[in-house]
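Here's the structure, in structure tokens; my notes come after.
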Amino acid sequence: HIPTYMVELINQWRYIWAELESEKARHPELEEMAEAMSVTVKKAKAIRDIVEVVDAGFQGDSLEEGSGLNDTIPDEHCALPEDALVSDEELKKAISLLSEIEPREAEVLTLRFGLNGELPLTLKEIGKVLGLTRERIRQIQRNGLSKLHELMVD
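Here's what the structure looks like:
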């Protein structure tokens with residue numbers, strides 16, 4: 002299950018990618034995508050990574066008959082395994098820092114992003130669990146992420 006806001010971002014990415022690719026007769030740069038989407042380069046990179054993961058999920062794992070690993074073409078936009086390790090380290094650091102923010106914020110972030118090994122929940126689902134509105138959950142999530150970001154930067 003992909004959250005609605007994420008589906009919208011993915012669709013926006015694909016639409017703008019196609020527009021810029023057609024307009025410039027080449028693949029758009031990350032900075033061009035960020036500018037066209039009115040987001041930071043960091044957020045554009047995150048969206049690109051999500052699009053790649055979603056696309057990879059629909060392609061399947063099996064290779065066609067007659068093609069071997071030597072016949073595949075590397076994707077220069079795909080994250081390297083070393084980059085994934087950095088993300089895992091950052092994730093572990095973020096999880097360890099959850100104890101330093103408000104318990105309610107930590108609980109919302111854990112449920113929202115599936116940090117407990119469970120599937121991530123929607124704002125509405127978390128609201129039902131905690132007896133709060135979707136908007137209040139969004140506010141708590143935003144505050145928790147902000148505090149977590151400050152702790153990660155320090």
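Per my numbering, residue 2 is the first one in the sequence shown, and the count goes up by one each step. Glycine included, every Cβ here is placed at the ideal spot set by N, Cα and C.
Would you call residue i buried or exposed, if buried means 16 or more other Cβ atoms sit within 10 Å of its Cβ?
{"i": "I48", "result": "buried"}
{"i": "V109", "result": "buried"}
{"i": "L120", "result": "exposed"}
{"i": "G115", "result": "exposed"}
{"i": "L149", "result": "buried"}
{"i": "I141", "result": "buried"}
{"i": "L99", "result": "buried"}
{"i": "I3", "result": "exposed"}
{"i": "D72", "result": "Residue placement at D72 is flagged as unreliable, the pLDDT there being 44, under the threshold of 50; a coordinate-derived value is accordingly withheld."}
What did DSSP end up calling residue i once you bin it into helix, strand or coil?
{"i": "H28", "result": "coil"}
{"i": "P4", "result": "coil"}
{"i": "I48", "result": "helix"}
{"i": "V55", "result": "helix"}
{"i": "G118", "result": "coil"}
{"i": "E23", "result": "The sequence as given places Ser at residue 23; Glu does not occur at that position. Of the three classes helix, strand and coil, the one that applies to S23 here is helix, per DSSP."}
Do residue i and the ligand PLP come close, with the Cβ less than 8 Å from some heavy atom?
{"i": "E30", "result": "The model on display carries no ligand, and the ligand PLP is accordingly not part of it."}
Using alpha carbons as the reference points, say which of the options lies closest to residue i.
{"i": "I138", "options": "R105, L92, A26", "result": "R105"}
{"i": "I51", "options": "K25, I11, A107, S23", "result": "I11"}
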